[in-house]
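According to my numbering, the stretch in the sequence shown is residues 81 to 226, in order.
Where a beta carbon is used, it is the ideal one built from N, C-alpha and C, also for glycine.
This report refers to the structure that appears directly beneath it.
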Amino acid sequence: MTTTARRILALWQDLPDWSATQEDIQRSLKSRGAARHHVRQALGGLVKEGQLAKRGEHYRLPQAPTPAPKRPRDEDEPRLMGTFTAHPDGYGFVWVADLRESLFIPPRENLGALDGDWVAVQKVTGRAQRTSGRITAVMERRRMRA
Numbered sequence: 081m082t083t084t085a086r087r088i089l090a091l092w093q094d095l096p097d098w099s100a101t102q103e104d105i106q107r108s109l110k111s112r113g114a115a116r117h118h119v120r121q122a123l124g125g126l127v128k129e130g131q132l133a134k135r136g137e138h139y140r141l142p143q144a145p146t147p148a149p150k151r152p153r154d155e156d157e158p159r160l161m162g163t164f165t166a167h168p169d170g171y172g173f174v175w176v177a178d179l180r181e182s183l184f185i186p187p188r189e190n191l192g193a194l195d196g197d198w199v200a201v202q203k204v205t206g207r208a209q210r211t212s213g214r215i216t217a218v219m220e221r222r223r224m225r226a
């Protein structure tokens, strides 16, 4: 690692969330003339090595991927059963007789259920006014193919 690269990384020592353009970095290092070329080369090398991330014009320290938050299990909530009606766009609805309404099931929550399957569903709070849900299990496969 070059001295310029070490100096660049040192800029993030006190401010790990800092996002800076090449010009900001050159100004912070007080680079002039040919030294600006060395800064540009060092930035390219740091990005290539994965020590810096570049998004658009801005450089920053790479962020470790944050794991998806775990969903709380609602064991106390009664299991609802119903028939899944699939839409070609991936989302669907589960008609639950106990609720006298259908639950909207987003595509990422359908657990691979096919149209007509008998499913167990959990009611979740939706963003819209429509009540939504999450399929927790396919109890009976009514069709073998989509």
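Alpha carbons only, please: which of the options is nearest the one belonging to residue i?
i, options, result
"Glu189", "Lys203, Leu95, Glu181", "Lys203"
"Leu123", "Asp169, Gly113, Glu137", "Glu137"
"Leu95", "Thr83, Tyr139, Thr163", "Tyr139"
"Lys134", "Leu179, Ala217, Thr211, Trp98", "Trp98"
Any heavy atom of the ligand MG closer than 6 Å to the beta-carbon of residue i?
i, result
"Thr84", "In terms of ligand content, the structure shown is empty, and the ligand MG therefore cannot be addressed."
Residue i by DSSP, collapsed to three states: which one?
i, result
"Glu137", "coil"
"Gln93", "coil"
"Arg223", "coil"
If you measure between the beta carbons of residue i and residue j, is that distance less than 7 Å?
i, j, result
"Arg223", "Leu194", "yes"
Who are the Cβ neighbours of residue i in its own chain at under 7 Å, not counting the five residues just before and after it?
i, result
"Gly235", "In the structure as shown, the chain begins at 81 and stops at 226. Residue 235 is therefore absent and cannot be evaluated."
Only counting the same chain, and skipping five residues up and downstream in sequence, which positions put a Cβ closer than 6 Å to that of residue i?
i, result
"Glu220", "Trp198"
For residue i, which residues of its own chain have a beta-carbon under 8 Å away from its beta-carbon, when the five flanking residues on both sides are left out?
i, result
"His117", "none"
"Val127", "Ala133, Lys134, Tyr139"
The stretch 198-207 in contact with the stretch 163-176 per 3-pair CB rule at 8 Å: yes
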